[in-house]
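Right, one structure below, let's go through it.
There are 2 protein chains.
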Amino acid sequence: MRDVFIIGTGIVPFGRYPDLLLEDFAKEAVTEAVGDAGLGARRFDMAIFGHSNGGRVAGQRVLRELSLTGMPILNVENACAGGGTSLHVGWMAIASGLHDLALVVGMEKMERGLIPPNPGEYESFLGKTLPAKYALRARKHMQRYGLTIEQLAQVSVKNHSAGALNPNAHYQQEVTLEEVLASRPIAEPLTLLQCCPTTDGAAALVIASAEVADQLGRRGVRIAASVLKSGIYRNSSTDATASDDDLAERAAAAAYEMAGLGPSDIDVAEVHDAFTIGEILAYENLGFCERGEGGRLVDEGVTALGGRLPVNTSGGRLSMGHPLGATGVAQVVELTRQLEGRAGARQVPRARAALAHVQGGSTPGIGTGAAAVHILTTEETTSVH
Amino acid sequence: MRDVFIIGTGIVPFGRYPDLLLEDFAKEAVTEAVGDAGLGARRFDMAIFGHSNGGRVAGQRVLRELSLTGMPILNVENACAGGGTSLHVGWMAIASGLHDLALVVGMEKMERGLIPPNPGEYESFLGKTLPAKYALRARKHMQRYGLTIEQLAQVSVKNHSAGALNPNAHYQQEVTLEEVLASRPIAEPLTLLQCCPTTDGAAALVIASAEVADQLGRRGVRIAASVLKSGIYRNSSTDATASDDDLAERAAAAAYEMAGLGPSDIDVAEVHDAFTIGEILAYENLGFCERGEGGRLVDEGVTALGGRLPVNTSGGRLSMGHPLGATGVAQVVELTRQLEGRAGARQVPRARAALAHVQGGSTPGIGTGAAAVHILTTEETTSVH
C-alpha cells in the first residue's frame with residue numbers, strides 16, 4: 045500500500061440550514077477544499093461522499109453544482125461512522141495505486157431532527173433509543189469505576205470551551221458545570237448539554253498520492269493509518285455483560301500497528317462524543333488511559349486545550365454538532381489543520397501526530413455498527429513509544 | 045493491483061416480500077454464497093452492501109442475523125448502479141492487497157414502489173421521471189437511426205423468454221410481440237412490458253485473492269476488469285444534443301483496456317435494461333455493434349439465447365425485476381454461473397468472457413449518475429480481438 049497525504053481541507057459552519065438543499069451547503073465545503081489544495085484545472089480521479097439522509101446519488105448532485113463530474117463518484121452510508129468510512133474508501137483507492145487524487149466529503153442535512161429507528165429495531169421503538177443506550181453505559185461506568193456525574197458534565201464544559209473558539213461550531217459559547225448539570229434531563233444521568241444537538245453540516249478533504257502531493261507542494265500531512273471495523277454482535281437485552289468497548293479498542297489497536305505509533309505518541313485527538321459518556325469510554329478504548337480512569341483524565345485537565353493530550357479541540361460533537369456522515373470528515377479537517385499549525389485560537393503547540401475516532405450504528409444490539417480510526421502524522425513523525 | 049476471483053454466489057428469488065424485512069431475505073443470499081464458496085469457519089475480512097432504501101447500517105443488520113460480525117462492514121449507495129459500485133469497492137479492497145476475502149451484497153426492498161425524486165429535482169416533479177426520460181431517448185433513436193417500435197418490443201420478448209427459464213426471475217413467463225405492443229402505454233413509445241417491474245431482491249458474491257481462492261479450490265472466475273465512472277453533466281433541458289451515451293462508453297473502454305479484451309471477445313453479457321431502449325443503447329455504448337445498429341442486433345437474434353452474444357440471459361431487469369442496489373450483484377451472479385457452466389437451461393455454451401453493465405442515477409440532468417462495468421473471465425481466457 046502506498047502513502048496517502050491530505051492536501052486540502054474545507055468545512056462549512058455547522059448549524060441549521062432549513063432553507064437550503066444539502067447540495068447548496070455541501071458544495072461550499074468542496075470549493076474550499078479544492079482551493080486549499082491549489083488544484084487549478086486538475087481533476088479528481090474519484091470522489092467519495094459519506095451521508096445517511098442525502099437520498100440517491102447525493103454526491104453526484106453536489107458535484108453537478110460545481111461542474112465537477114466525469115470521475116467515479118460513490119456514496120457511502122455507515123451511520124455516525126459514515127464520514128470515517130468514506131475516508132477509508134478514499135484512502136484505499138489511493139493506497140492501492142488505482143488512483144492518485146481523490147475527494148472525500150462528509151455531509152448531512154438532519155431534516156427529521158431525530159434519527160428514526162430502522163424497521164425491525166423493536167428495542168428502539170420501545171424506548172431504547174441512542175440517548176437511553178448511552179445513559180445505560182454511563183450508569184454502568186459509574187457503578188463499576190466510580191465515574192461521577194460531575195466528571196461526565198466536565199466533558200461538556202471542556203468541549204464547549206473549545207467550541208467557543210471555533211467559528212465553524214454550531215454552539216460557540218462556554219457553559220458552566222452548573223449549567224450542564226441543571227439542564228433538562230434527557231436520559232439520566234445525561235442532561236441536555238451532554239447530548240449532541242441536531243445539526244446540518246459538511247466537510248471535505250482532498251487526498252493524494254506522494255507524487256501528486258509533491259507536484260502540488262503539499263506533502264504535509266500523511267494518513268499513517270486508516271482502519272474500519274464493525275462490532276461483534278451481542279444481544280444487550282439478554283446479555284448483561286455485553287459491551288461494545290472492544291469495537292473501538294480493536295480498531296485503535298489495528299491503527300496503532302499500521303502507523304507504528306502508540307497512544308502516548310498522539311498529540312491531539314477527535315473522538316466520538318455524541319454523548320459525554322462516549323468521550324470517557326473513548327479515552328479508555330483508544331488507550332489514552334487505563335480502563336476506568338477516563339473520568340480522572342478529564343478531571344485533571346489532561347484532555348483540555350493546554351493539557352498533555354487535547355481531545356475534541358473542534359468543540360467535538362457536543363459543541364460542533366453531529367451531522368452523521370459529516371462528522372468523521374470534519375474531525376480530520378480539524379486535525380489536519382492542527383498538524384499544519386492552522387488551528388487558530390485552538391492550536392495545539394508542536395502537534396505532530398493526531399487520531400480521529402468515529403463510531404456508531406450499533407442499535408439495537410451491541411457492536412453491530414462501525415468504527416473508523418485514522419492516525420495522521422506530519423511527514424517527519426517517528427514513533428517514540 | 046492483484047488478481048481477484050469470484051469464489052461463491054448466492055441469490056434469492058426476485059419478487060415481492062411485503063411481509064419480510066430486508067434483512068430477512070438478504071441473509072438468505074449471503075448464506076447461499078457462503079455455502080457455495082465452502083468457507084467453513086473462515087471469516088470475511090470485509091463486507092460491502094449496496095442498497096438505496098435499506099436505512100442506516102443495513103449491511104450490519106443483515107450480518108447480525110447470521111452472527112457474521114466483527115469485520116469492516118460498509119454500505120454503498122449509487123442508485124441503479126449501487127450493486128456494481130459495491131463490487132468495485134470490494135474488488136479494490138482485495139486488488140490493493142489490504143484484504144483477502146470479502147463479501148459483496150446487493151439488496152433492496154422497494155417499499156415505496158416508485159422511486160421518489162430527490163429534493164431539488166424539479167424536472168422530475170414536473171413529470172420528467174425515469175420512464176419519460178427513457179421514452180425521449182427512444183424517440184431520438186427512432187428519429188435518428190430508424191429504430192422501430194417492433195425492435196424495441198422485441199427486447200422485452202427476448203428477455204422474458206430467458207426469464208421464463210430462470211427460477212429466480214420475478215416474472216417467469218414468455219410474452220409475445222403483440223402482448224408487449226398492446227400493453228398499457230407508460231411513456232410512449234414505451235409500454236408496460238418495456239419497463240422493469242417493482243421488485244424486491246438480494247444477491248451476494250464471495251470474492252478472494254488468488255491465494256485464498258486456491259486454498260478453497262475455487263480459482264475459476266477472475267474479475268478481469270472493474271470500472272466505475274460517473275457522467276459528465278450536461279443540462280438536458282437546455283441542451284438538445286445532450287446524451288449520456290458517453291458514460292457507458294467511457295466505462296466500457298476503460299474496462300476493455302484493463303482486461304486486455306475487446307467487445308468481440310465477450311461471450312455473454314448482462315446490461316442495464318430497466319427499459320427496452322436501455323438495452324439497445326447499451327449494445328452500442330458497449331461496442332457490441334455500431335452506433336444506430338442496436339435495433340438490428342436484436343432483430344437478427346444475435347443477443348438472444350442461442351445467438352452469437354446472448355445478452356441478459358437472466359431475464360434482465362425486464363423479467364428479473366430491478367431492485368436498485370441488488371441488480372449489479374445479481375448480474376454478476378448470473379455471469380459467474382454462466383462461466384462456471386452452472387446456468388441450467390440458460391447455459392451459453394463455451395462461455396469464457398462475460399461483461400456486466402449497470403447504470404443509473406442521472407435524473408434530472410444528463411450524465412450525473414454512475415455506471416459500473418465488470419468483465420469476468422475463466423482462468424484460461426486470452427484475448428482474440
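Chains as they are written, first to last, in my numbering: chain A, 45 to 429; chain B, 45 to 429. Note that beta-carbon positions come from the ideal geometry of N, C-alpha and C, so glycine has one too.
Does residue i pass the burial test, meaning 16 or more other C-beta atoms within 10 Å, or should it be called exposed?
{"i": "A:S200", "result": "buried"}
{"i": "B:E155", "result": "exposed"}
{"i": "B:Q382", "result": "buried"}
{"i": "B:V428", "result": "Interpretation of B:V428 is limited by its pLDDT of 47, a score under 50 that renders its predicted location unreliable; the figure taken from the coordinates is listed afterwards. By the neighbour-count rule (16 or more Cβ atoms within 10 Å), B:V428 is not buried but exposed."}
{"i": "A:L170", "result": "exposed"}
{"i": "A:S140", "result": "buried"}
{"i": "B:L282", "result": "According to the sequence provided, residue 282 of chain B is Thr. The question's Leu does not apply to it. So B:T282 counts as exposed."}
{"i": "A:A226", "result": "exposed"}
{"i": "B:A85", "result": "exposed"}
{"i": "B:E222", "result": "exposed"}
{"i": "A:A292", "result": "buried"}
{"i": "A:S253", "result": "buried"}
By the three-class DSSP mapping on this structure, what secondary structure does residue i have?
{"i": "B:M364", "result": "helix"}
{"i": "B:T422", "result": "strand"}
{"i": "A:L234", "result": "strand"}
{"i": "B:M45", "result": "coil"}
{"i": "A:L131", "result": "helix"}
{"i": "B:G264", "result": "coil"}
{"i": "A:S287", "result": "coil"}
{"i": "A:D244", "result": "strand"}
{"i": "B:L66", "result": "helix"}
{"i": "A:T412", "result": "coil"}
{"i": "A:R278", "result": "strand"}
{"i": "A:A85", "result": "coil"}
{"i": "A:K273", "result": "strand"}
{"i": "A:M151", "result": "strand"}
{"i": "A:I138", "result": "helix"}
{"i": "B:V56", "result": "coil"}
{"i": "A:V417", "result": "strand"}
{"i": "B:V315", "result": "coil"}
How about residue i: is its C-beta nearer than 7 angstroms to some C-beta of chain A?
{"i": "B:T53", "result": "no"}
{"i": "B:E121", "result": "yes"}
{"i": "B:L330", "result": "no"}
{"i": "B:M151", "result": "no"}
{"i": "B:G127", "result": "no"}
{"i": "B:V201", "result": "no"}
{"i": "B:G94", "result": "no"}
{"i": "B:I117", "result": "yes"}
{"i": "B:Y327", "result": "no"}
{"i": "B:T113", "result": "yes"}
{"i": "B:I251", "result": "no"}
{"i": "B:D63", "result": "no"}
Please check if any C-beta of chain B sits within less than 7 angstroms of the C-beta of residue i.
{"i": "A:G372", "result": "no"}
{"i": "A:V74", "result": "no"}
{"i": "A:Q104", "result": "yes"}
{"i": "A:S140", "result": "yes"}
{"i": "A:I419", "result": "no"}
{"i": "A:H429", "result": "Model confidence at A:H429 stands at a pLDDT of 48, short of 50, so the residue's coordinates are unreliable and nothing is read from them."}
{"i": "A:G134", "result": "no"}
{"i": "A:P175", "result": "no"}
{"i": "A:L11", "result": "Nothing in the structure corresponds to residue 11 of chain A, since chain A is present only between 45 and 429."}
{"i": "A:K273", "result": "yes"}
{"i": "A:R443", "result": "In the structure displayed, chain A extends from 45 to 429; residue 443 of chain A sits before or after that span and is not available."}
{"i": "A:Y300", "result": "no"}
Please tell me whether, using a cut-off of 6 angstroms, the distance from the CB of residue i to the nearest non-hydrogen atom of the ligand ATP is below it.
{"i": "A:V148", "result": "By its list of ligands, the structure shown contains no ligand whatsoever, and the ligand ATP lies outside what it can speak to."}
Which full runs of the alpha helix (DSSP H) of 4+ residues lie inside the stretch 156-231 of chain A, going along the chain?
166-169, 174-189, 193-207, 221-226, all fully within the stretch 156-231 of chain A.
Is the stretch 212-228 of chain A close to the stretch 48-68 of chain A, with three or more CB pairs under 8 angstroms?
Yes, the stretch 212-228 of chain A touches the stretch 48-68 of chain A.
Tell me whether the stretch 364-378 of chain B and the stretch 123-132 of chain B touch, counting them as touching only if at least three CB pairs, one residue from each stretch, are closer than 8 angstroms.
Judged by Cβ distances under 8 angstroms, the stretch 364-378 of chain B makes contact with the stretch 123-132 of chain B, as three or more pairs qualify.
Could you tell me whether the stretch 182-191 of chain B touches the stretch 335-347 of chain B, using the rule of 3 or more Cβ pairs below 8 angstroms?
When C-beta atoms of the stretch 182-191 of chain B are compared with those of the stretch 335-347 of chain B, three or more pairs fall below 8 angstroms, so the two segments count as touching.
Please give me, in chain order, every unbroken run of the beta strand (DSSP E) with length at least 3 that falls completely inside the stretch 361-405 of chain A.
DSSP runs (the beta strand (DSSP E)) wholly in the stretch 361-405 of chain A: 397-404.
Can you check the stretch 318-362 of chain B for any alpha helix (DSSP H) of at least 4 residues that lies completely inside it and give the ranges in chain order?
You should have 320-329, 338-343.
What are the start and end residues of each continuous beta strand (DSSP E) run of 3 or more residues lying completely inside the stretch 95-132 of chain A, in chain order?
You should have 117-121.
When the Cβ atoms of the stretch 72-92 of chain A are set against those of the stretch 270-279 of chain A, are three or more pairs found closer than 8 angstroms?
With the cut-off at 8 angstroms, the stretch 72-92 of chain A and the stretch 270-279 of chain A do not touch.
Is the stretch 317-334 of chain B close to the stretch 343-355 of chain B, with three or more CB pairs under 8 angstroms?
With the cut-off at 8 angstroms, the stretch 317-334 of chain B and the stretch 343-355 of chain B touch.
Could you tell me whether the stretch 316-324 of chain A touches the stretch 236-248 of chain A, using the rule of 3 or more Cβ pairs below 8 angstroms?
Contact between the stretch 316-324 of chain A and the stretch 236-248 of chain A is present, because at least three Cβ pairs lie under 8 angstroms.
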